[in-house]
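Start counting the sequence shown at 834; every next residue gets the next number (my numbering).
A virtual CB, placed ideally from N, CA and C, is assigned to each residue, including glycine.
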Amino acid sequence: MSEQGQGRGGFPIIETDEGFAQRLDERDPLREMRNEFLLPPGPDGEPAVYLCGNSLGLQPRGTAAAIEQELEDWSKLAVDAHFDGANPWYSYHEAFREPGARLVGAEPREVVMMNSLTANLHLMMVSFYRPEGDRYKILMEADAFPSDNYAVRSQVRFHGYEPDDAIVLVRPREGEECLRHEDILESIDKHGRETALVLFPGVGYYNGQAYDLAAIAAAARKQGCRVGFDLAHAAGNLPLSLHDDGADFAVWCSYKYLNAGPGAVAGCFVHARNGGDKTLPRFAGWWGNDPKTRFRMHLEEEFVPVEGADGWQLSNPPVLALAPLRASLALFDRAGMTSLRAKSVSLTGYMAGMLEKLCADRVDVITPADSRQRGCQLSLKVRHERPREVFETLQREGVVGDYREPGVIRVAPVPLYNSFHDAWRFVQVLDRATR
Ligand SMILES: Cc1ncc(COP(=O)(O)O)c(C=O)c1O
């Protein structure tokens, strides 16, 4: 899987001086995108080196205006803004279909922005985790994000099974940090007949490993399993092709790489082959009902789901919470996922190469070196007695990353707003902090 003739992560030649990073920035066709974001200040008042977009993305400059627009319509039009507003509230969610579909490689009818990630995961499991007879298990990665774990364990119990029996965990091999692709596929083959649902992330939150979603979906479907993806760390980070990959569903949040703000409204994908299936059990609410009969509920008490992902909505769209997504998705459309990915491979490859040149004896990158097996995040294990102190030094020096026990520092140079110079500054600080 390694890229021939290239260094770490596909970056061919790396000079460690500041001028080299500055020249890379000058040649970056996306460098203007950084001006579209509000960069938080570091302790010295200068913009911090913000490498935490894997946790909370930065605020686009257009966000305030997007919210203001809805506040203004509320003040001037009140209830009439549902139909007469600049962006009518009644159909507010519909504006996200097209940009959302471009973002995750789907058809517009397959995408809806609603709720939050864990809530959507539960809604999807109501429809796509249907244990029956010998087929009752959920197969997932061993180190899944805690909320996914809680959600899965509670669903399994809800259906009357014991998590220790009904959850199959795929683990990295002894002494390894990442999963081997062949081990995932082998596990699906081995447990497929007793598995009701295969649930995998697009990118692992801890190690930054990107998975081959098409192969996982194909292997799962060959075994007759339903398959779903948690794309919290993949949406806006990697180009995706959800429709072609063939998952039954996917869920993601919008506060990381999508820069839509803390607790932002999340995304949900339901494959077209399921979108019209009215026999699928689901939890219903009026916004999932066919709009033709939505307001006749006292006359027609039976829920009639609208076709597509919209049919899983419960409530009317939270307009003020959705507004930041308009500003954020416009930036993705402007930059384009293909260009963003090209910069991301260079930027993360540059950072990995710098780490190798300057800190290889003190810092292990546990994220795969092959750029095809990672997004922009690098997870670093610092060989230090007190790795948290290294992280605290980074904070004092104006580098914002995050720290996950036991001793992993995660940094994500985000192609929309990070520069090569950010990566250079980070490695300089890390180099000093680990000596
Ligand atoms: C992989 C993954 N799954 C689930 C969640 C939980 O998301 P939420 O709190 O939006 O439900 C997160 C949050 O960071 C996450 O990274």
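Exercise. From Gln892 to Leu1173, what distance separates their C-alpha atoms?
Worked result: Here residue 892 refers to the residue found at position 59 when the sequence shown is read from its first residue. Here residue 1173 refers to the residue found at position 340 when the sequence shown is read from its first residue. If you take the alpha carbons of Gln892 and Leu1173, they lie about 18 Å apart.
Exercise. Under a Cβ-count criterion, where at least 16 other Cβ atoms within 10 Å of its own Cβ denotes burial, should Val882 be classed as buried or exposed?
Worked result: If you number the sequence shown from 1, residue 882 lands on position 49. Flag for Val882 reads buried.
Problem set entry | Continuous alpha helix (DSSP H) assignments of at least 4 residues falling wholly in the stretch 1005 to 1088 | Whole alpha helix (DSSP H) segments, 4+ residues: 1014 to 1024, 1046 to 1055, 1075 to 1078.
Problem set entry | CB contact flag (Asp1081, Ala1047, <9 Å) | Mapped onto the sequence shown, residue 1081 falls at position 248. Mapped onto the sequence shown, residue 1047 falls at position 214. Result no, Cβ atoms of Asp1081 and Ala1047 do not sit closer than 9 Å.
Exercise. Within the chosen definition, does the stretch 1097 to 1114 reach the stretch 937 to 953 through at least 3 CB pairs nearer than 8 Å?
Worked result: Because the criterion of three Cβ pairs below 8 Å is met, the stretch 1097 to 1114 and the stretch 937 to 953 touch.
For this session: Alpha carbon to alpha carbon, how far is Val1060 from Ala1050? Give it in angstroms, no decimals.
Result: The residue labelled residue 1050 in the question sits at position 217 within the sequence shown. The residue labelled residue 1060 in the question sits at position 227 within the sequence shown. So the two alpha carbons sit approximately 6 Å from each other.
Exercise. In whole angstroms, what separates the C-alpha of Asp967 from that of Pro1114?
Worked result: Your numbering for residue 967 matches position 134 in the sequence shown. Your numbering for residue 1114 matches position 281 in the sequence shown. Straight-line Cα distance between these residues: approximately 20 Å.
Exercise. Say the cut is 8 Å; is the CB of Pro1151 nearer than that to a heavy atom of ligand 1?
Worked result: For the purposes of this step, residue 1151 is taken as the residue at position 318 of the sequence shown. No, since every heavy atom of ligand 1 falls outside the 8 Å radius drawn around the Cβ of Pro1151.
Problem set entry | Top-ranked residue by Cα proximity to Glu1088, from His1076, Asn1107, Ala1067 | Working through the sequence shown from its first residue, we reach residue 1088 at position 255. One point to set straight first is that residue 1088 is Tyr, not Glu, in the sequence displayed. Residue Ala1067 is the option with its Cα nearest to Tyr1088.
Exercise. Under the criterion of a Cβ to heavy atom distance below 8 Å, does Leu1113 qualify as lining ligand 2?
Worked result: Absence of ligand 2 is noted for the structure shown, with ligand 1 being the only ligands found.
For this session: Provide the residue span of the beta strand (DSSP E) that contains Lys970, from first to last.
Result: Along the sequence shown, one-based indexing puts residue 970 at 137. It spans 970 to 974 - the beta strand (DSSP E) in which Lys970 sits, taken as one unbroken run.
For this session: Check Met958 in the structure and name its three-state DSSP category.
Result: Within the sequence shown, numbered from 1, the residue matching residue 958 stands at position 125. The answer is helix: DSSP assigns Met958 an H, G or I state.
Problem set entry | Alpha-carbon spacing of Gly1234 relative to Asp1123, whole angstroms | Counting from one through the sequence shown, the residue named residue 1234 turns up at place 401. Counting from one through the sequence shown, the residue named residue 1123 turns up at place 290. Cα to Cα, Gly1234 sits roughly 44 Å from Asp1123.
Exercise. From what residue to what residue does the alpha helix (DSSP H) around Arg1243 run?
Worked result: On the sequence shown, residue 1243 is found 410 positions in, with the first residue counted as 1. Note, Arg1243: premise wrong, no alpha helix (DSSP H); beta strand (DSSP E) at 1241 to 1244.
Exercise. Tell me the DSSP bridge mates of Arg1237?
Worked result: Here residue 1237 refers to the residue found at position 404 of the sequence shown. In the DSSP secondary-structure assignment, Arg1237 is bridged to Val1241.
Exercise. Which value, in whole angstroms, describes the spacing of the CA atoms of Met1187 and Arg1237?
Worked result: The sequence position of residue 1187 within the sequence shown is 354, counting from 1. The sequence position of residue 1237 within the sequence shown is 404, counting from 1. Each residue's Cα considered, the two are about 22 Å apart.
Exercise. Span of the alpha helix (DSSP H) holding Phe1253?
Worked result: Here residue 1253 refers to the residue found at position 420 when the sequence shown is read from its first residue. Phe1253 -> alpha helix (DSSP H) spans 1253 to 1266.
Exercise. Would Gln1056 pass as a contact of Thr1028 if the rule is Cβ separation under 9 Å?
Worked result: Here residue 1056 is taken as the residue at index 223 of the sequence shown, counted from 1. Here residue 1028 is taken as the residue at index 195 of the sequence shown, counted from 1. Contact: yes.
Exercise. According to DSSP, is Cys1192 helix, strand or coil?
Worked result: Working through the sequence shown from its first residue, we reach residue 1192 at position 359. Cys1192: helix per DSSP, three-state reduction.
For this session: Return the chain-ordered list of same chain residues with a C-beta closer than 6 Å to the C-beta of Ala1156, the five sequence neighbours on each side being excluded.
Result: Numbered from 1 along the sequence shown, position 323 holds the residue referred to as residue 1156. Within the same chain, Ala1156 has close Cβ partners Ala899, Ile900, Glu903.
Exercise. Exposed or buried, which one is Asn868 when buried takes at least 16 other CB atoms within 10 Å?
Worked result: Looking up residue 868 in the sequence shown gives position 35. Under this definition Asn868 is an exposed residue.
Problem set entry | Paired residues, beta bridge with Tyr883 - DSSP | Here residue 883 refers to the residue found at position 50 of the sequence shown. Val1233.
Exercise. Rounded to whole angstroms, how far is the Cβ of Leu1227 from the Cβ of Ala1175, which I believe are closer than 8 Å?
Worked result: Translated into the one-based positions of the sequence shown, residue 1227 becomes position 394. Translated into the one-based positions of the sequence shown, residue 1175 becomes position 342. No, Leu1227 and Ala1175 are not in contact; Cβ-Cβ is about 28 Å, not under 8 Å.
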